[in-house]
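Those protein sequence lines, which keep their order, are chains A and B. Each residue of the first sequence is one higher than the one before, starting from 1 at the first, in our numbering. Each residue of the second sequence is one higher than the one before, starting from 1001 at the first, in our numbering. No residue lacks a Cβ here, since even glycine has one placed at the ideal position from N, Cα and C. Take a look at the structure set out below.
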Amino acid sequence: MSAYDYSREEFAAVFAELQKTYQIYGPKRFVGRGRFSDTDLVRYAPLASLDELELAEKSSLSPKSLVFPADETIFHFNDHEFSQPQLKENGEIIVLLRPCDINGIARLDKMFLENGGQADPYYQRRRQRLHFFMIECRESFENCFCVSMKSNTTDNYEVALRFAGDRVAAQIKDQRYEGLFGQKGRAGSFSPEFVSENDKQVELPTVETMPAEMFNHKMWEEYDSRCIACGRCNTSCVTCSCFSTVDLFYADSRQCGERRRVWDGCHLDGFSDMAGGHSFRKNKGERMRFKAFHKIYDFRKRFGFDMCVGCGRCDDVCPEYISFSSCINKLSRTLKGGSDK
Amino acid sequence: MSGNPYQPFPVKITKIVSESDVEFTMTVDASLDMVPGQFFQISLPKIGEAPISISNYGKNWLQFTIRAVGRLTGAIQSLRVGENLFIRGPYGHGFPVEKLANSNLIIVAGGSGAAPVRPLVSQIVAGTLPVKSLKLITGFKSKESILFTEDIQSWKQKCDMTLTIDKPQEGWNGDTGLVTEHIRRLKLDLPDDYQVIVVGPPVMMKFATAEFRLLGVPVDNVWVSFERLMSCGLGKCGHCKIDSTYICVDGPVMNLSHASTLID
Chain A
1 MSAYDYSREE FAAVFAELQK TYQIYGPKRF VGRGRFSDTD LVRYAPLASL DELELAEKSS
61 LSPKSLVFPA DETIFHFNDH EFSQPQLKEN GEIIVLLRPC DINGIARLDK MFLENGGQAD
121 PYYQRRRQRL HFFMIECRES FENCFCVSMK SNTTDNYEVA LRFAGDRVAA QIKDQRYEGL
181 FGQKGRAGSF SPEFVSENDK QVELPTVETM PAEMFNHKMW EEYDSRCIAC GRCNTSCVTC
241 SCFSTVDLFY ADSRQCGERR RVWDGCHLDG FSDMAGGHSF RKNKGERMRF KAFHKIYDFR
301 KRFGFDMCVG CGRCDDVCPE YISFSSCINK LSRTLKGGSD K
Chain B
1001 MSGNPYQPFP VKITKIVSES DVEFTMTVDA SLDMVPGQFF QISLPKIGEA PISISNYGKN
1061 WLQFTIRAVG RLTGAIQSLR VGENLFIRGP YGHGFPVEKL ANSNLIIVAG GSGAAPVRPL
1121 VSQIVAGTLP VKSLKLITGF KSKESILFTE DIQSWKQKCD MTLTIDKPQE GWNGDTGLVT
1181 EHIRRLKLDL PDDYQVIVVG PPVMMKFATA EFRLLGVPVD NVWVSFERLM SCGLGKCGHC
1241 KIDSTYICVD GPVMNLSHAS TLID
């Protein structure tokens, strides 16, 4: 392990050098593309240069689409066979991301690579070309509660970077970058620090088995009227991994088409509908309960750690101002026999 | 990407039998290892994919009994013998055959729940899966909705079988009433000694398993099979998750001791 210091210009040269081998993704600002007029959108995208890296604001969408795109063709078909499409670009990717998102992708790994005993090949082929460059994150954004979720720290990165004004510091954990980083920088002592306190804190439920009465508890009724089933909490979440498959065919060649998988979410209508009319969780409050338990209770039962990483994006994007961190606290209070208000 | 688990493969349709107004049984050519209670993902290009349980199988054939109640199942109904169906599987945990062998077994099936238990019953009456005794209770809504009429005729000769429809109906001389009523009438001298399978709509399974508990059958001896929406069958898509259980990989057949704790 080594560390180097750079001026911003020097590091921009390192960045440019890396781009000869890798495509570099990071949070990028799209001016005027925000949800409201005259606001910007920050999301993960390929960066043309270091200047495009947006660090002042949390990205509204997570980097999960790098491994699990919102819409992915899994087969091309005609009327007698299904064939697997190749990835158009198969090069290696460096992704600049914060500890919460690194931990988020580790949770997706559990689902896509391990759950059920078989690796998902579409996820795997995207995942194996990713290299994590961790953006040091010492201060929270609004709605973050990563410290409570223990996802504020990680050592799952190849390079850690500190961007401080005109200076950049790098810690190199993977030898392969040593030459390139060493050439342009001065030896330093940088070791990343992690945020140790968020404004938002949550108390997690500690029960091993959720009492049955919590499933139909009246605390969920609030969300019956508040939630509008838009699914933004699901799409913005780095760990939401549910999908549906849909077939479409080409207008001018009706025997040919694609089987795609698209993001689905437990808050959306139709998520549990079965042919013949059975469905589950018709009320929005039941969907909130289902999501909350998955994120902070039953995922842990299966995999040993909580699913939610506390990035707070669900709270950032909810048009009805539902706060997931408040929901967790309310649940824990209720479990301890306190008020659900 | 060799061995892509999402890759459907074509199988030729060799026989189609109409079971009721909306249900039909389709036989396809396939030589695969499977266990009664497992399921396949069945698909048609352009229409989509859905989980369907195995309604019987042999060395080189496989059957699905399908209710034409959706877009995909409706399109499958319009297929003809000689055409291809696309499948992938088998998936999930089937019935615990080792535990059922040489047991006193009671199987209760309601409506289309008769499909997943059919290969099990077929193997038992054929003697390939020997049991000490078999009691079979099958219930349907009406006489028109009875599935597997031919099999039922032959099963009647070979095991203690009750065939009931929900309400009395003109032209029906057999048993009537919900399966729960018939379970209640069972005389089990040694309830510990029975293995019980209950498959049907959620409400039916809830009440039927409760009847067996009242009869004194231990919860560990009762098995149920769940049906849920699934997109993958591989434990990835998330649709069939209940609590920390994925029905597609941990089920669909589960012991009641676990299944009764699951709240959707």
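{"Item": "Which whole-angstrom value is the C-beta distance of E1023 of chain B and M274 of chain A, which I expect to be below 8 Å?", "Value": "Contact doesn't hold; Cβ gap of about 16 Å is too wide."}
{"Item": "Per DSSP, what kind of secondary structure is T1128 of chain B in: helix, strand or coil?", "Value": "coil"}
{"Item": "Using the C-alpha atoms, what's the distance from L1120 of chain B back to P1130 of chain B?", "Value": "11 Å"}
{"Item": "Name, please, each residue of chain A whose Cβ falls closer than 8 Å to the Cβ of Q1007 of chain B.", "Value": "F75, F82, Q84"}
{"Item": "Could you tell me whether the Cβ of M1001 of chain B comes closer than 7 Å to any Cβ of chain A?", "Value": "Because M1001 of chain B sits at a pLDDT of 49, beneath the cut-off of 50, its placement in the model cannot be relied upon, and the following sentence gives the value as read from the coordinates. Taking Cβ atoms only, chain A reaches closer than 7 Å to M1001 of chain B, which makes this a yes."}
{"Item": "What residues in its chain sit with their C-beta under 7 Å from that of F126 of chain A, if we drop five residues either side in the sequence?", "Value": "For the record, residue 126 of chain A in the displayed sequence is Arg; it is not Phe. The answer, listed in chain order, is L66, V67."}
{"Item": "CA-CA distance, M1001 of chain B and P1045 of chain B?", "Value": "The predicted model places M1001 of chain B with a pLDDT of 49, which falls under 50 and marks its position as unreliable; any figure quoted below should be read in that light. The straight-line gap from Cα to Cα measures roughly 21 Å."}
{"Item": "Which of the three DSSP states is assigned to Q1041 of chain B in this structure?", "Value": "strand"}
{"Item": "Could you check whether the Cβ of G409 of chain A sits closer than 7 Å to any Cβ belonging to chain B?", "Value": "The question about residue 409 of chain A has no answer here: the residues shown for chain A are numbered 1 through 341."}
{"Item": "So with CB distances below 8 Å, who are the chain B contacts of G257 of chain A?", "Value": "P1045, K1046"}
{"Item": "Quick one: measure Cβ to Cβ for Q1041 of chain B and Y1091 of chain B, integer angstroms, because I've assumed they're closer than 8 Å.", "Value": "7 Å"}
{"Item": "Within 10 angstroms of its Cβ, does Q1157 of chain B collect 16 or more other Cβ (buried), or is it exposed?", "Value": "exposed"}
{"Item": "Select from A:D166, A:R107, A:C227 the residue whose C-alpha is nearest the C-alpha of D306 of chain A.", "Value": "A:R107"}
{"Item": "Taking only beta-carbon positions, decide if K1141 of chain B is within less than 7 Å of chain A.", "Value": "no"}
{"Item": "Under a three-way DSSP split, which group does L1179 of chain B fall into?", "Value": "A quick correction: the sequence has Val, not Leu, at residue 1179 of chain B. The answer is helix: DSSP assigns V1179 of chain B an H, G or I state."}
{"Item": "Using a C-beta to C-beta distance shorter than 7 Å, which residues of chain B count as neighbours of D79 of chain A?", "Value": "P1045"}
{"Item": "State whether the region 1187-1207 of chain B contacts the region 1095-1103 of chain B, with contact taken as three or more CB pairs (one from each stretch) at a distance under 8 Å.", "Value": "yes"}
{"Item": "Could you say which of A:C256, A:H294, A:D247 lies nearest to R1071 of chain B if we only look at CA atoms?", "Value": "A:D247"}
{"Item": "In terms of alpha-carbon separation, which member of A:F163, A:E197, A:F181 lies closest to V147 of chain A?", "Value": "A:E197"}
{"Item": "According to the neighbour-count rule (16 or more other Cβ atoms, all chains shown, within 10 Å of its Cβ), is M1254 of chain B buried or exposed?", "Value": "buried"}
{"Item": "So P1010 of chain B contacts chain A; which residues on that side make the cut at Cβ distance below 8 Å?", "Value": "H80, E81"}
{"Item": "Are the region 1230-1245 of chain B and the region 1196-1211 of chain B touching, with three or more C-beta to C-beta distances below 8 Å?", "Value": "no"}
{"Item": "Does Y1246 of chain B come out as helix, strand or coil in the three-state DSSP assignment?", "Value": "strand"}
{"Item": "Which residues in the same chain have their Cβ closer than 7 Å to the Cβ of V1224 of chain B, if we skip the five residues on either side of it in sequence?", "Value": "V1198, V1199, M1205, T1209, M1254, L1256, A1259"}
{"Item": "I'd like to know whether the C-beta of D1243 of chain B is nearer than 7 Å to at least one C-beta of chain A.", "Value": "yes"}
{"Item": "CA-CA distance, S189 of chain A and G231 of chain A?", "Value": "44 Å"}
{"Item": "Please report the Cβ distance between R281 of chain A and C227 of chain A, rounded to the nearest whole angstrom; I am assuming they are in contact, meaning their Cβ atoms lie under 8 Å.", "Value": "Not a contact, Cβ separation roughly 11 Å."}
{"Item": "Whole angstroms are fine: how far does the CA of F1095 of chain B sit from the CA of N1221 of chain B?", "Value": "12 Å"}
{"Item": "Would you identify the three-state DSSP class for L18 of chain A, choosing helix, strand or coil?", "Value": "helix"}
{"Item": "For a test of the three-state rule: what should DSSP assign to N143 of chain A, helix, strand or coil?", "Value": "coil"}
{"Item": "Where do the ends of the alpha helix (DSSP H) carrying Q183 of chain A lie?", "Value": "178-184"}
{"Item": "Could you confirm whether any beta carbon from chain A is found closer than 7 Å to the beta carbon of G1037 of chain B?", "Value": "no"}
{"Item": "In three-state DSSP terms, what is N329 of chain A?", "Value": "helix"}
{"Item": "How is E1083 of chain B classed by DSSP in three states: helix, strand or coil?", "Value": "coil"}
{"Item": "On the three-state DSSP scale, how would you describe E197 of chain A?", "Value": "coil"}
{"Item": "Here's the rule: buried if 16 or more other CB atoms are within 10 angstroms of the residue's CB, otherwise exposed. What is K295 of chain A?", "Value": "buried"}
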